[in-house]
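Have a look at the structure below before the remarks.
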Amino acid sequence: MLRRITDTERGLKSLTQKQESFEKDFEQNRMEWHQYVKDQDVEVAEMKANFKKQCNFLVAHNADIMRDIRRDYHLEIASVQEMRKDIADTMKRVAQTCDDTEEKLDKERFRIDRIQKEVKQEIREIAKTQLADRGKHDQNMQQVRTDLDEEREKNAPVRAQMDSVSKLTGLLLEGCRV
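Residues in the sequence shown are numbered from 1 upward in steps of one, following full-length UniProt numbering.
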């Protein structure tokens with residue numbers, strides 16, 4: 001029994017040492033845990049501060065961008081308004097030019113129509129004159145032909161005589177040569 005007591009005492013000592021070692025480790029782990037929690041709290045606080053700072057930078061950056069967008073938008077609106085005004089002015093000028101051109105074309109059309117009527121009338125008169133002249137020329141040509149035929153008939157015996165005289169002269173010349 002003594003032995004059991006000794007074994008129990010030894011087991012108790014061993015357990016006591018283990019318990020003390022465990023308590024020591026537990027205390028050390030608890031201290032490390034508290035230190036870890038403190039470190040994490042510090043890191044979380046730093047991270048929150050950093051996030052807040054980054055958030056402020058982002059808000060400021062977005063505000064700058066929005067200001068630039070607003071400025072660009074106002075410039076674009078002003079540009080579009082100016083362009084609309086220019087387009088309206090151009091359309092007025094084009095409409096005025098078209099009206100002026102239409103008026104000029106109407107005047108020119110009336111003038112050309114009048115000239116065309118005069119030219120047609122002159123062409124008709126010239127055609128009548130040509131027709132009358134052609135009739136006169138045809139009569140004159142007929143008269144000339146008749147006169148030529150008469151002249152040929154009158155000159156036919158003279159020609160025949162001339163031919164005979166030519167032949168005789170040719171024979172005489174030929175005879176002289178021989």
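Note that the Cβ used here is the ideal one computed from N, Cα and C, for glycine as well.
Taken in chain order, the whole beta strand (DSSP E) runs of length 3 or more contained in the segment 44-95 number zero.
Taking C-alpha positions only, L172 is separated from P157 by approximately 22 Å. Between I77 and D68, the alpha-carbon positions lie close to 14 Å from each other. By the criterion of a C-beta distance shorter than 7 Å, T90 is surrounded by no residue of its chain, once the five residues flanking it on both sides are discounted. If you draw a straight line from the Cα of E27 to the Cα of H34, it comes to about 10 Å.
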